[in-house]
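A.B. asks: The structure is given below, and queries will be raised subsequently.
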Amino acid sequence: MSEFKIGVREAEGINVLELKGYLDAHTAPKLEEAFSSLLSLKQFRIVVNCKDLSYISSAGLGVFMAYIEDVRQNKGDIKLTNMSPKVYNVFDLLGFPLLYEIFKDEREAVTKFKDSK
Amino acid sequence: MSEFKIGVREAEGINVLELKGYLDAHTAPKLEEAFSSLLSLKQFRIVVNCKDLSYISSAGLGVFMAYIEDVRQNKGDIKLTNMSPKVYNVFDLLGFPLLYEIFKDEREAVTKFKDSK
Amino acid sequence: MHTESINIESKTERLIAVRDFVSTAAREFGFGDEEISKIALAVDEACTNIIKHAYNFDPAKKITVTVKRNDKAFEISIQDTGKQFNPAGVQSPDMKEYLSQFRRGGLGVYLMKTLMDKVEYNFTPGNANEVRLTKYLTR
Amino acid sequence: MHTESINIESKTERLIAVRDFVSTAAREFGFGDEEISKIALAVDEACTNIIKHAYNFDPAKKITVTVKRNDKAFEISIQDTGKQFNPAGVQSPDMKEYLSQFRRGGLGVYLMKTLMDKVEYNFTPGNANEVRLTKYLTR
Ligand SMILES: Nc1ncnc2c1ncn2[C@@H]1O[C@H](COP(=O)(O)OP(=O)(O)O)[C@@H](O)[C@H]1O
Ligand SMILES: Nc1ncnc2c1ncn2[C@@H]1O[C@H](COP(=O)(O)OP(=O)(O)O)[C@@H](O)[C@H]1O
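Written as structure tokens, this is what we have:
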């Protein structure tokens, strides 16, 4: 019954957030904390692996919007990966792929960060 | 949202049922079908792997009771394995470990069957 | 007193939503995982019995599950308009005998009584049965 | 006409139970996974807005979500007793502009309208707001 969990991994200056479960108005503050602690540590190269993310509502989308500008101004990015079709549909419906890079696989996002060093 | 699933594997005459999800009055008939098709194929050496079983109610327990006698009369057994504490608690509360062999791991149950050949 | 409720059709497809509804409220009340599991199972058994026995699988019938909480007690009231039935009248099985005779069924009411601190029954002349399941928080 | 309902406290902790409740009924009605996801999301957005805006996070307030089904239409009515609010009055964002300006929030009502076939609002003088979300089955 713990409905939403975040795992954090770091390798070569790239931080991977693994989201698991349901991201809604109840759980969005957890994701907000995770981003804000990365930013306070000056970590701006962020990959969000959505493999186990079962659900997202606009409250979850709002968290990504809250940090993307700041992250990019610091020469970083938030790249999203491994979305289920269900979760991708919500991003897609609102045109979010215009603003966020979305990859099939985490490694592609990591590689992209490394190549842009 | 498919709340209950059963996988069936067979190796050396031992059938392993893998239960996944919620076993309640709604889903118990699926397990009943699985048992009855094994029995109609004269398969009586049955291991039920409960690793991914999240829930069981008395309707689920009833299915095990419905087949155990028949299975044993045919020199077979229903052995249960890999239960989460939550599911084990229900079996335990009702004394089911008196009637059913319950193993930590699937391999132990398979070995037991093989040794008793 | 906090009160929340769910009103469903009498179908086993609804059991999962009822368990989720009750579990969320139980978690918030302060129960841990083990107690929450017990409460959800007891409510499942009560609803399953109504679907099967009180309504004979008629899906046009309705069940209302109401959760009431105060500081110490978590009470679930389960209401139906089917056959009158007092769980107090059901004798608890001798489990050793039960298992050795390979019996089947007849464990639902026993589970409700074992899992909860209190099981009460109430019949209102408007032809409504109410089973009240209570668990206390021991902080 | 089939009618089922859930009456909950105004808390984001309840969103998951509401989504489950609505999803189960939508599945039974005959919708596929994609439609079910849309319906659950639309209802989540409506409830989230009530919790945040109509009730200002006061958990003592209540929300009722009622699902009504007939042969062709699946309707969810969401009722609260908070601030009067007609979603029809909210202008839909231009998403290109929205994204390029790094805006945040203001997508809930737009999602509701996009995900469902019909969004209606109804105010009853007894100080109750009702939002009705409808989706039709195209078999
Ligand atoms: N809600 C109910 N309405 C009418 N009869 C009931 C109800 N619940 C239980 N019963 C009766 O009590 C018996 C015992 O119930 P239970 O212990 O749950 O076992 P089971 O449902 O497996 O028979 C049932 O067989 C049924 O005859
Ligand atoms: N149920 C409601 N009661 C009162 N005001 C509401 C309600 N729903 C939405 N609103 C108003 O409409 C605006 C737009 O809502 P929405 O599109 O969901 O975005 P957000 O909730 O992120 O602001 C809200 O900011 C709020 O002012």
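Protein sequence lines, in the order shown, are assigned to chains F, S, Z and L.
For the first sequence, my numbering begins at 14 and goes up steadily by one.
For the second sequence, my numbering begins at 14 and goes up steadily by one.
For the third sequence, my numbering begins at 128 and goes up steadily by one.
For the fourth sequence, my numbering begins at 128 and goes up steadily by one.
Glycine included, each C-beta is placed from N, C-alpha and C at the ideal position.
Can residue 140 of chain Z and residue 136 of chain L be called in contact, C-beta distance under 7 Å?
C.D. replies: For residue 140 of chain Z and residue 136 of chain L, no; Cβs fall outside 7 Å.
A.B. asks: Under a CB-based cut-off of 7 Å, is residue 34 of chain S close to chain Z?
C.D. replies: So, not an interface residue.
A.B. asks: What are the start and end residues of the alpha helix (DSSP H) that includes residue 167 of chain L?
C.D. replies: Where residue 167 of chain L is concerned, the enclosing alpha helix (DSSP H) stretches over 160–176.
A.B. asks: For residue 181 of chain L, is the beta carbon positioned less than 6 Å from some heavy atom of ligand 2?
C.D. replies: Checking every heavy atom of ligand 2 against the Cβ of residue 181 of chain L, one is found closer than 6 Å.
A.B. asks: Using the C-alpha atoms, what's the distance from residue 83 of chain S back to residue 27 of chain S?
C.D. replies: Cα to Cα, the separation comes out at about 16 Å.
A.B. asks: How long is the line joining the alpha carbons of residue 14 of chain S and residue 193 of chain Z, rounded to whole angstroms?
C.D. replies: A caution first: residue 14 of chain S carries a pLDDT of 47, below 50, which makes its placement in the model too unreliable to give a value.
A.B. asks: Along the chain, where does the alpha helix (DSSP H) that runs through residue 53 of chain S open and close?
C.D. replies: Run containing residue 53 of chain S: 41–53, per the alpha helix (DSSP H) assignment.
A.B. asks: From the DSSP output, in three-state form, read off residue 206 of chain Z for me.
C.D. replies: The answer is strand: DSSP assigns residue 206 of chain Z an E or B state.
A.B. asks: Contact defined as beta carbons within less than 8 Å: I believe residue 235 of chain Z pairs with residue 172 of chain Z. What is the distance between those atoms, to the nearest angstrom?
C.D. replies: Contact flag correct, Cβ pair sits at about 4 Å.
A.B. asks: Examine chain Z for any beta-carbon lying closer than 7 Å to the beta-carbon of residue 132 of chain L, and answer yes or no.
C.D. replies: Answer yes: the Cβ-Cβ gap between residue 132 of chain L and chain Z drops below 7 Å somewhere.
A.B. asks: Taking one C-beta from the region 86–104 of chain S and one from the region 94–112 of chain F each time, how about it: are there three or more such pairs within less than 8 Å?
C.D. replies: As far as the Cβ criterion goes, the region 86–104 of chain S does not touch the region 94–112 of chain F, which means the pair count is below three.
A.B. asks: Does the beta carbon of residue 111 of chain F sit closer than 7 Å to a beta carbon anywhere in chain L?
C.D. replies: Cβ-Cβ to chain L under 7 Å: yes for residue 111 of chain F.
A.B. asks: Report buried or exposed for residue 53 of chain F, applying the criterion of at least 16 other Cβ atoms within 10 angstroms of its Cβ.
C.D. replies: Under this definition residue 53 of chain F is an exposed residue.
A.B. asks: Are the region 219–233 of chain Z and the region 70–78 of chain S touching, with three or more C-beta to C-beta distances below 8 Å?
C.D. replies: Segments in contact, yes.
A.B. asks: Which of helix, strand or coil does DSSP assign to residue 102 of chain F?
C.D. replies: Correct three-state label for residue 102 of chain F: helix.
A.B. asks: Please report whether the beta-carbon of residue 99 of chain S lies at a distance below 7 Å from any beta-carbon of chain Z.
C.D. replies: By this cut-off, residue 99 of chain S is an interface position.
A.B. asks: From the DSSP output, which residues share a beta bridge with residue 256 of chain Z?
C.D. replies: Residue 256 of chain Z is bridged to Z/207, Z/250.
A.B. asks: Buried or exposed: where does residue 243 of chain L fall if 16 or more other Cβ atoms within 10 Å of its Cβ makes it buried?
C.D. replies: Buried.
A.B. asks: Are there any heavy atoms of ligand 2 lying less than 6 Å away from the beta-carbon of residue 109 of chain F, as far as the coordinates show?
C.D. replies: The answer is no for residue 109 of chain F.
A.B. asks: Ligand 1 heavy atoms versus the CB of residue 176 of chain Z: any closer than 6 Å?
C.D. replies: Residue 176 of chain Z: yes, Cβ under 6 Å from ligand 1.
A.B. asks: Between residue 239 of chain L and the rest of its own chain, which residues show a CB-CB distance below 7 Å, the 5 nearest in sequence each way excluded?
C.D. replies: Result list for residue 239 of chain L: 169, 172, 173, 214, 246, 260, in chain order.
A.B. asks: Between which two residues does the alpha helix (DSSP H) harbouring residue 237 of chain Z extend?
C.D. replies: Residue 237 of chain Z -> alpha helix (DSSP H) spans 235–242.
A.B. asks: Roughly how far, in whole angstroms, is the beta-carbon of residue 143 of chain L from the beta-carbon of residue 151 of chain Z, given that I think they are within contact range, below 8 Å?
C.D. replies: Contact holds; Cβ gap of about 7 Å.
A.B. asks: Helix or strand or just coil, what does DSSP make of residue 113 of chain S?
C.D. replies: Reduced to three states, the DSSP call for residue 113 of chain S is coil.
A.B. asks: State yes or no: is the beta carbon of residue 162 of chain Z nearer than 7 Å to at least one beta carbon in chain L?
C.D. replies: False, the Cβ-Cβ gap to chain L never drops below 7 Å.
A.B. asks: Who are the near neighbours of residue 251 of chain L in its chain, counting only those whose CB is closer than 8 Å to its CB and skipping five residues on each side?
C.D. replies: Hits under 8 Å: 257.
A.B. asks: Is the Cβ of residue 210 of chain L closer than 7 Å to any Cβ of chain F?
C.D. replies: Judged by the 7 Å Cβ criterion, residue 210 of chain L is not in contact with chain F.
A.B. asks: May I ask whether a heavy atom of ligand 1 can be found less than 6 Å away from the beta carbon of residue 188 of chain Z?
C.D. replies: Not so, every heavy atom of ligand 1 lies at least 6 Å from the Cβ.
A.B. asks: Name, please, each residue of chain F whose Cβ falls closer than 8 Å to the Cβ of residue 251 of chain L.
C.D. replies: Those do not exist, as residue 251 of chain L stays about 26 Å from chain F at its closest Cβ, beyond 8 Å.
A.B. asks: Is there a Cβ of chain S sitting closer than 7 Å to that of residue 143 of chain Z, yes or no?
C.D. replies: So, interface residue.
A.B. asks: Run through chain F and tell me which residues come within less than 8 Å of residue 260 of chain L, C-beta to C-beta.
C.D. replies: Per Cβ cutoff of 8 Å: no residues; residue 260 of chain L is ~15 Å from chain F at best.
A.B. asks: Going along the chain, which residues of its own chain have a beta-carbon closer than 8 Å to the beta-carbon of residue 47 of chain F, five neighbours each way excluded?
C.D. replies: Taken in chain order, the residues that qualify are 19, 21, 30.
A.B. asks: Please report whether the beta-carbon of residue 231 of chain L lies at a distance below 7 Å from any beta-carbon of chain F.
C.D. replies: With 7 Å as the cut-off, residue 231 of chain L counts as an interface residue toward chain F.
A.B. asks: For residue 264 of chain L, decide whether its Cβ has a neighbour in chain F, counting only Cβ atoms nearer than 7 Å.
C.D. replies: Residue 264 of chain L does not count as touching chain F.
A.B. asks: Is DSSP giving residue 182 of chain Z helix, strand or coil here?
C.D. replies: Three-state result, residue 182 of chain Z: coil.
A.B. asks: Give every residue of the same chain whose Cβ lies closer than 8 Å to the Cβ of residue 126 of chain S, excluding the five residues on either side of it in the sequence, and list them in chain order.
C.D. replies: Correct list, in chain order: 27, 58, 60, 90, 92.
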